[in-house]
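Enquirer: Before I ask anything, let me first share the structure, which is written out below as structure tokens.
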Amino acid sequence: MKKNDDSKNVAERNPSATLESWKKFKREQDERRKSPQYKPKVNESKTATTPKKKKQARQSTQQKQISPPKSKPIRPKLSKEKRRQLSWQIVFIIVFFGTIMGGLIYHVSPKAKIEDVSVTGIKLTVAQDVIDASHLSGKDYVSTTWLHRNRVASTVKQKLPALKQVSLKFNHWNKVEIVVKEHQTVGFFANKNGYQRILSNGYIDDEVLAKPLGNFPVYDGFKSGTELNRIIKLYAKMPNQIQNAISEIKSDPSKTNPYRIHLYMNDGNEVVADSRTVIDRLKYYGNIVAQTKKKGIVDLEVGAYFVPFDEKK
15 MKKNDDSKNV
25 AERNPSATLE
35 SWKKFKREQD
45 ERRKSPQYKP
55 KVNESKTATT
65 PKKKKQARQS
75 TQQKQISPPK
85 SKPIRPKLSK
95 EKRRQLSWQI
105 VFIIVFFGTI
115 MGGLIYHVSP
125 KAKIEDVSVT
135 GIKLTVAQDV
145 IDASHLSGKD
155 YVSTTWLHRN
165 RVASTVKQKL
175 PALKQVSLKF
185 NHWNKVEIVV
195 KEHQTVGFFA
205 NKNGYQRILS
215 NGYIDDEVLA
225 KPLGNFPVYD
235 GFKSGTELNR
245 IIKLYAKMPN
255 QIQNAISEIK
265 SDPSKTNPYR
275 IHLYMNDGNE
285 VVADSRTVID
295 RLKYYGNIVA
305 QTKKKGIVDL
315 EVGAYFVPFD
325 EKK
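Position 107 of the sequence shown, counting from 1, maps to 121 under our numbering, and the rest follow consecutively.
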């Protein structure tokens, strides 16, 4: 070691001697390594000091050399179409079960049953009669009523022939409105107890009134429903001016003519005519009564002439 220090000093004093000193140092080092007594210095902190640790270190080194590098697991990638299908399936499941839950909640809520029943469109029919005919009440479920709404409307029409059209309308979830349209009133049928309304379908209402309503003719003396319906259809074909002038149509058959009818006019005159020809002959009525200031009977059964009441007596 002293020689090395001397060589360093020599190198500092004479730089040209550095190469020779280094070569000499290398030769001495190589000779020491070749000798059997040579033992290299080992860093104990980094190298195993026991045979067991040496074996473990050697196995670890071999394992690192043999085992391949770890790679991340490969996850299968879903295509856009499959992702879209999966999304729709999830949405369908959510909507399906959500609808079921919503239906169950609604079914047990107060809104599930009918709260109120009203009737609109009536003129002469009693509203309570329509409600009674529908059999609807607060115990009925709205959903069931909605599903059978056509059957309910048909039942009301069968029980109340005066109604031409019936439909059900639902307002505010649980309020039912029965919308009706009545058959047109074409007159009143006179009997010993009063007057019954006659509808355009030929039906005579069961309700008996003390006096007729509106500007409709009164039909009297018709014992046959067929004959009454024929006269009602006959009246419907008359001009509006003539219809408004008639107050009563009475069956007045004679031995020679079973089709004779008697018309009572609003102006105080009367008309005797044949129901088979009355429409064609009524066109002369206006001209005949305009020629006289008296009141009397216009006979249109065979011809067309006027007989004052005072002369008839």
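Positions of the beta carbon are idealized from the N, C-alpha and C atoms, including for glycine.
1) Would the C-beta of V321 count as close to the ligand ADP, meaning under 7 Å from any of its heavy atoms?
2) So what's T61 in DSSP terms, helix, strand or just coil?
3) Exposed or buried, which one is A71 when buried takes at least 16 other CB atoms within 10 Å?
4) Can you confirm whether the stretch 217 to 228 touches the stretch 186 to 194 when touching is taken to mean that 3 or more C-beta pairs between the two stretches lie within less than 8 Å?
5) Under 8 Å by Cβ, that's how I've got F230 and V200 pegged, so tell me the actual separation to the nearest angstrom.
6) Please decide whether V180 counts as near chain B, where near means a Cβ-Cβ distance under 8 Å.
7) Helix, strand or coil for Q305, going by three-state DSSP, please let me know.
8) Are Q150 and V131 touching if we call contact CB-CB under 8 Å?
9) Please work out which residues of its chain come closer than 6 Å, Cβ to Cβ, to A62, disregarding the five sequence neighbours upstream and downstream, and give them in chain order.
10) Between G117, A147 and V170, which lies nearest to Y155 when the distance is taken from Cα to Cα?
11) Determine the DSSP secondary structure at K287, reduced to helix, strand or coil.
12) Does S265 pass the burial test, meaning 16 or more other C-beta atoms within 10 Å, or should it be called exposed?
13) Let me check understanding here. Comparing Cα to Cα, which of L182, G239, S238 and M252 lies closest to L161?
14) Pick helix, strand or coil for M252, following the three-state DSSP scheme.
15) Using the three-state DSSP reduction, which class does V312 fall into: helix, strand or coil?
16) May I ask which residues mark the beginning and end of the beta strand (DSSP E) holding F184?
17) If you draw a straight line from the C-alpha of V222 to the C-alpha of T291, how long is it?
18) Ends of the beta strand (DSSP E) at I263?
19) From the DSSP output, which residues share a beta bridge with T199?
20) Pull up the distance between the alpha-carbon of G310 and that of I136, whole angstroms please.
21) Is H197 closer than 8 Å to K178 when the C-beta atoms are compared?
22) How is K17 classed by DSSP in three states: helix, strand or coil?
23) Per DSSP, which one or two residues make a beta bridge with M279?
24) Tell me, to the nearest whole angstrom, how far the beta carbon of I260 is from that of Y233; I am working on the premise that it is less than 8 Å.
25) Go ahead and pull the three-state DSSP assignment for K297.
26) On the criterion of 16 or more Cβ atoms from any shown chain inside 10 Å, does T159 qualify as buried, or is it exposed?
27) Hey, would you say P226 sits closer than 8 Å to Y249, going by beta carbons?
28) Less than 8 Å between the CB atoms is what I'm expecting for L314 and V286, so what's the real figure, rounded?
29) State buried or exposed for F390, treating a residue as buried only when at least 16 other CB atoms are found within 10 Å of its CB.
30) Classify L33: buried if its beta carbon has 16 or more other beta carbons within 10 angstroms, exposed otherwise.
31) Within 10 angstroms of the Cβ of L100, are there 16 or more other Cβ atoms? Answer buried if so, exposed if not.
32) So V194 and V144 are in contact, right, with Cβ under 8 Å, and what is the actual spacing, rounded?
33) Do I293 and K247 have their CB atoms nearer than 8 Å?
34) Just to confirm the assignment, what range does the beta strand (DSSP E) spanning L223 have?
Expert: Inspection of the coordinates gives the following:
1) Of the ligands one can find in the structure shown there are none, so the ligand ADP has no counterpart to examine.
2) Only weak support is given to the placement of T61: the predicted model assigns it a pLDDT of 48, under 50, and the value that follows is read from those uncertain coordinates. Three-state result, T61: coil.
3) exposed
4) no
5) 7 Å
6) Looking for chain B here will not work: only one protein chain is present.
7) coil
8) Here residue 150 is Leu; the residue named in the question, Gln, does not match the sequence. Contact: yes.
9) Confidence at A62 is low in this model, with a pLDDT of 45, below 50, so its placement is unreliable and no value can be given for it.
10) G117
11) Note that residue 287 corresponds to Ala in the displayed sequence, not to Lys. DSSP places A287 in strand when its eight states are reduced to three.
12) buried
13) L182
14) coil
15) strand
16) L177 to N185
17) 32 Å
18) Counting along the chain, the beta strand (DSSP E) containing I263 begins and ends at I260 to S265.
19) L213
20) 40 Å
21) Closer than 8 Å, so yes.
22) Unreliable positioning characterises K17 in this predicted model, as indicated by a pLDDT of 46, which lies under 50. The coordinate reading is nonetheless provided below. The answer is helix: DSSP assigns K17 an H, G or I state.
23) I260
24) So it is not a contact: roughly 11 Å between Cβ atoms.
25) helix
26) buried
27) no
28) About 7 Å; that satisfies the 8 Å criterion.
29) Absent from the model: residue 390. The displayed extent of the chain is 15 to 327, so no value can be given.
30) exposed
31) Exposed, since its Cβ has fewer than 16 Cβ neighbours within 10 Å.
32) 6 Å
33) no
34) Judged by DSSP secondary structure, L223 falls within the beta strand (DSSP E) whose first and last residues are I218 to L223.
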